[in-house]
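Chains as they are written, first to last, in the numbering used here: chain A, 1 to 341; chain B, 342 to 716.
And the structure:
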């Protein structure tokens, strides 16, 4: 994740090779042997190496713990929906976990990104100057709320009110497999749909804060140019602010998605898990478990290397998933950068 | 545990010294243990409060109960420390058999039948050098908890419960429920079943009741993992609060959680008439349980299908497992003192507010006698 913010920060530099030229400076400084420069260079390099080493070691650890369990697995790890991890013939697969994790995160993003961008546009372009600072601070405050608070609030305060909306959606859009409630196993608000809504609120401040920053950076010349050509305020935003801010919005969304994918406690409290033999359903009005909530819920039962390995294998998939999301974000940003400068 | 002042240190050392002397006396005089116990009885203050550290591990079902007992015991006996880690019954038995802890806590007595080539009771006896005794200490009832406005007096039979929890009954005004609740105004509302999504002893005891009392409807094997229908929530808190916020919700949970959340608690009718969940009705069930252990080994066989009038059938009994003849004599006095305190009427009564039921008098007397016979 730091890599993305790194990229968007570099976008703002006038010289795309800023990093390279900085290195040249430090090299000449070391040539002159200034102690402060050398120390700082060493410290910075150490920090960089530390992060890379950490990520590599985490990957190695996950792999080494997961492989023995995966080798004994009797079911297809990627497509099976079973989860029997103890005994001599373990059978487990992540299909359910992967679906629930992705579905809830996608719902969260479809709500959070438009709303977040809207809020950021309001704060930077529309609202009066005296309001923009307090409004921004209020939104940032949402990020400071601990996730367990979101979980409890969602499950006990917000949840009971959402059941009605679910019923309506189910009636109107029930012909779509996503809104069908075919298993009927979850009657409360503990659905993927509702978890997605709560996650969107948790992700909103991340999306808003970063988008706000980039929208604020739009060169005043672009904006005034658009207005001088006779553009209305909305047209000005569409032609100058949004294109300029796009990479920032994308990296903000990816950061938010990272949080949504890995959120544990709120999901654990809100989402109802399903009985072992519930049949597969694409419905978002179904329950289930995400990678993170499954691991958290069963952490107390890790009494053999095999069980632990199975859960760590699931954790490994989450790790890889987040990696892929970040990689996609990088590619998108690199391609968009050309247009934004 | 930290020693705060020199004077305390001195008095502690003094206690320890006296204790060691007394115990060496015991050890050198093996065939007169009974008399030494009696002589201890005369010097009440000293024998009730030996010093030292006692370690136990096991069942999490009795966690709150034993922690309360430990708290009051340590208040009474400043020089004594009792540690209990609630890691689960299986772990408790494992650690006890390995000789790592002084007593084990378990939801079920040591098994006397062979499993994986080992008999738990025999293994424990080998470690102890004497038979290991299962002493019932804590009884924890499981409530059938529901959330239905205006229905305060629900009666549930095992068949109805099994049908609700395996998904055969989906409406609260199902004829099967109405048949046993003629006076209640049951709404035309969906039954929303919640179960424990984590592995749990509560699930095990509840399904034991279902499969014992309604074997034709509940065909799945009893176990820690839920095999019925419904939606899962983590821990007792999770299911209880989910039912609280969902009208038409129903679950099984430890008594205290149902009480704390003001949920409806159904009366259970095993065939001998509806029984309300109270300390007495639970005690009655424990009192009628058959003792399967010999002599002072008080392992009980609960009859989940009991038709005894006024006996509440869904409960678990947690045992403390101890060596009848301790390997290290230094621990005997402390073990006896702690277990005596735990089984005393006063302590047992205090557990009721925590959602446990006190041991019935008959069982309590037997436990006290067994504790006295420890050596």
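Ideal Cβ positions, reconstructed from N, Cα and C, are used throughout, including at glycine. As the structure is a computational prediction, the values presented were derived from the model and not from experiment.
Partner residues on chain A for residue i, Cβ-Cβ distance less than 8 Å
{"i": "residue 531 of chain B", "result": "187"}
{"i": "residue 536 of chain B", "result": "275"}
{"i": "residue 458 of chain B", "result": "Those within 8 Å of residue 458 of chain B in chain A number zero; the least Cβ separation is about 15 Å."}
Element boundaries [beta strand (DSSP E), containing residue i]
{"i": "residue 661 of chain B", "result": "656-664"}
{"i": "residue 169 of chain A", "result": "Not the beta strand (DSSP E): residue 169 of chain A falls in the alpha helix (DSSP H), residues 159-173."}
{"i": "residue 421 of chain B", "result": "421-426"}
{"i": "residue 574 of chain B", "result": "572-574"}
{"i": "residue 591 of chain B", "result": "590-595"}
{"i": "residue 483 of chain B", "result": "473-487"}
{"i": "residue 395 of chain B", "result": "393-399"}
{"i": "residue 444 of chain B", "result": "444-447"}
Cβ separation of residue i and residue j, assumed to be a contact under 8 Å, to the nearest whole Å
{"i": "residue 565 of chain B", "j": "residue 540 of chain B", "result": "4 Å"}
{"i": "residue 393 of chain B", "j": "residue 671 of chain B", "result": "7 Å"}
{"i": "residue 274 of chain A", "j": "residue 572 of chain B", "result": "7 Å"}
{"i": "residue 185 of chain A", "j": "residue 570 of chain B", "result": "7 Å"}
Interface residues of chain B facing residue i [CB-CB closer than 9 Å]
{"i": "residue 50 of chain A", "result": "The contacting residues do not exist; residue 50 of chain A stays about 35 Å from chain B at best."}
{"i": "residue 262 of chain A", "result": "Here the premise fails: no neighbours, minimum Cβ distance about 18 Å."}
{"i": "residue 104 of chain A", "result": "Ordered by position in chain B, no residue passes the 9 Å Cβ test against residue 104 of chain A, which lies about 16 Å from the chain."}
{"i": "residue 272 of chain A", "result": "535, 538, 571, 572, 573, 574 and 583"}
Beta-carbon neighbours of residue i, restricted to chain B and to distances below 8 Å
{"i": "residue 155 of chain A", "result": "582, 583 and 586"}
{"i": "residue 196 of chain A", "result": "Chain B residues near residue 196 of chain A: none, gap ~17 Å exceeds 8 Å."}
{"i": "residue 190 of chain A", "result": "572, 574 and 583"}
Residue i: first and last residue of the uninterrupted alpha helix (DSSP H) it sits in
{"i": "residue 236 of chain A", "result": "233-236"}
{"i": "residue 677 of chain B", "result": "673-684"}
{"i": "residue 106 of chain A", "result": "95-121"}
{"i": "residue 202 of chain A", "result": "192-216"}
{"i": "residue 534 of chain B", "result": "It is not in any alpha helix (DSSP H) - residue 534 of chain B instead sits in the beta strand (DSSP E) that spans 533-537."}
{"i": "residue 405 of chain B", "result": "404-417"}
{"i": "residue 544 of chain B", "result": "542-554"}
{"i": "residue 298 of chain A", "result": "291-298"}
{"i": "residue 706 of chain B", "result": "702-714"}
{"i": "residue 277 of chain A", "result": "Where residue 277 of chain A is concerned, there is no enclosing alpha helix (DSSP H), given that its DSSP letter is neither H nor E."}
{"i": "residue 254 of chain A", "result": "242-262"}
{"i": "residue 61 of chain A", "result": "35-72"}
{"i": "residue 436 of chain B", "result": "430-438"}
{"i": "residue 133 of chain A", "result": "129-144"}
{"i": "residue 390 of chain B", "result": "Residue 390 of chain B -> no alpha helix (DSSP H), and no H or E assigned at all."}
{"i": "residue 516 of chain B", "result": "516-521"}
{"i": "residue 227 of chain A", "result": "220-228"}
Listed by chain order, chain B residues near residue i by CB distance under 7 Å
{"i": "residue 268 of chain A", "result": "575"}
Contact with chain C by residue i, beta-carbon distance below 8 Å
{"i": "residue 174 of chain A", "result": "The structure shown contains no chain C; its protein chains are A and B."}
Closer than 7 Å: residue i CB and nearest the ligand PLP heavy atom
{"i": "residue 560 of chain B", "result": "Absence of the ligand PLP from the depicted structure is noted, as is the absence of any ligand whatsoever, leaving it without description."}
Does the pairing of the region 616-628 of chain B with the region 455-474 of chain B give three or more beta-carbon distances under 8 Å? Remark: fewer than three beta-carbon pairs, one from each stretch, lie closer than 8 Å, so the region 616-628 of chain B and the region 455-474 of chain B are not flagged as touching.
Could you run through the region 284-318 of chain A and flag, in chain order, every residue whose CB is less than 7 Å away from some CB of chain B? If the cut-off is 7 Å between Cβ atoms, the region 284-318 of chain A has 287, 297, 298, 300 and 301 near chain B.
contact_flag[the region 262-274 of chain A, the region 295-303 of chain A] where n(CB pairs < 8 Å) is 3 or more: Output reads yes: the region 295-303 of chain A touches the region 262-274 of chain A.
For the pair the region 140-156 of chain A and the region 247-267 of chain A, tell me if three or more CB-CB distances fall below 8 Å. Yes, the region 140-156 of chain A is in contact with the region 247-267 of chain A.
Selection of the region 132-166 of chain A by Cβ proximity to chain B, strictly under 8 Å: For the region 132-166 of chain A, the beta-carbon criterion of a distance under 8 Å to any beta-carbon of chain B is satisfied by 155, 156, 159 and 160.
Between the region 79-98 of chain A and chain B, which residues of the former have a C-beta closer than 8 Å to a C-beta of the latter? The residues in question: there are none.
Sufficient close CB pairs (3 or more, under 8 Å) joining the region 660-672 of chain B to the region 463-481 of chain B: Result yes; three or more Cβ-Cβ pairs closer than 8 Å.
Under 8 Å (Cβ pairs) to chain A, residues found in the region 561-578 of chain B: Flagged, chain order: 566, 567, 568, 569, 570, 571, 572, 573, 574 and 575.
Looking at chain A, which residues of the region 587-602 of chain B have a Cβ within less than 8 Å of any of its Cβ atoms? Residues of the region 587-602 of chain B that bring their beta carbon within less than 8 Å of a beta carbon in chain A comprise 587, 589 and 590, in sequence order.
Could you check whether the region 689-701 of chain B touches the region 426-434 of chain B, counting it as contact only if at least three pairs of C-beta atoms, one from each stretch, sit closer than 8 Å? No, the region 689-701 of chain B is not in contact with the region 426-434 of chain B.
Is the region 187-207 of chain A close to the region 113-123 of chain A, with three or more CB pairs under 8 Å? With the cut-off at 8 Å, the region 187-207 of chain A and the region 113-123 of chain A touch.
Three or more beta-carbon pairs under 8 Å between the region 101-109 of chain A and the region 249-258 of chain A, yes or no? Cβ pair count under 8 Å is three or more, so yes.
Hey, is the region 162-178 of chain A in contact with the region 189-198 of chain A, meaning 3+ C-beta pairs nearer than 8 Å? Remark: three or more beta-carbon pairs, one from each stretch, lie closer than 8 Å, so the region 162-178 of chain A and the region 189-198 of chain A are flagged as touching.
Should the region 496-510 of chain B be regarded as contacting the region 540-558 of chain B, the criterion being three or more beta carbon pairs within less than 8 Å? The region 496-510 of chain B is in contact with the region 540-558 of chain B.
Please determine if the region 45-55 of chain A and the region 269-289 of chain A are in contact, where contact requires at least 3 C-beta pairs separated by less than 8 Å. Contact fails: fewer than three Cβ-Cβ distances are below 8 Å.
Using a Cβ distance threshold of 8 Å, determine whether the region 642-651 of chain B contacts the region 606-615 of chain B, with at least three qualifying pairs required. These segments touch.
May I ask you to list, following chain order, the residues of the region 540-555 of chain B that have a beta carbon less than 7 Å from some beta carbon of chain A? Along the region 540-555 of chain B, going in chain order, the ones with a CB nearer than 7 Å to a CB of chain A are 540.
Given 8 Å, three or more beta-carbon pairs between the region 218-238 of chain A and the region 127-147 of chain A: By the criterion of at least three beta-carbon pairs nearer than 8 Å, the region 218-238 of chain A is not in contact with the region 127-147 of chain A.
Do three or more CB pairs link the region 303-322 of chain A to the region 212-228 of chain A at distances below 8 Å? Contact fails: fewer than three Cβ-Cβ distances are below 8 Å.
Is there contact between the region 89-103 of chain A and the region 70-77 of chain A, where contact requires at least three CB pairs shorter than 8 Å? Yes, since at least three Cβ pairs between the region 89-103 of chain A and the region 70-77 of chain A fall closer than 8 Å, the two stretches touch.
Touching or not, the region 313-326 of chain A and the region 52-71 of chain A, by the rule of three or more beta carbon pairs under 8 Å? As far as the Cβ criterion goes, the region 313-326 of chain A touches the region 52-71 of chain A, which means the pair count is three or higher.
Check whether the region 389-409 of chain B touches the region 650-660 of chain B, counting contact only when three or more Cβ pairs, one atom from each stretch, lie closer than 8 Å. Three or more Cβ pairs drawn from the region 389-409 of chain B and the region 650-660 of chain B lie within less than 8 Å of each other, which places the two stretches in contact.
Counting pairs of Cβ atoms below 8 Å between the region 246-254 of chain A and the region 514-522 of chain B, do you hit three or more? The region 246-254 of chain A vs the region 514-522 of chain B: no contact.
Indicate whether the contact test is met: 3 or more Cβ pairs, each with one atom in the region 586-594 of chain B and one in the region 527-541 of chain B, closer than 8 Å. With the cut-off at 8 Å, the region 586-594 of chain B and the region 527-541 of chain B touch.
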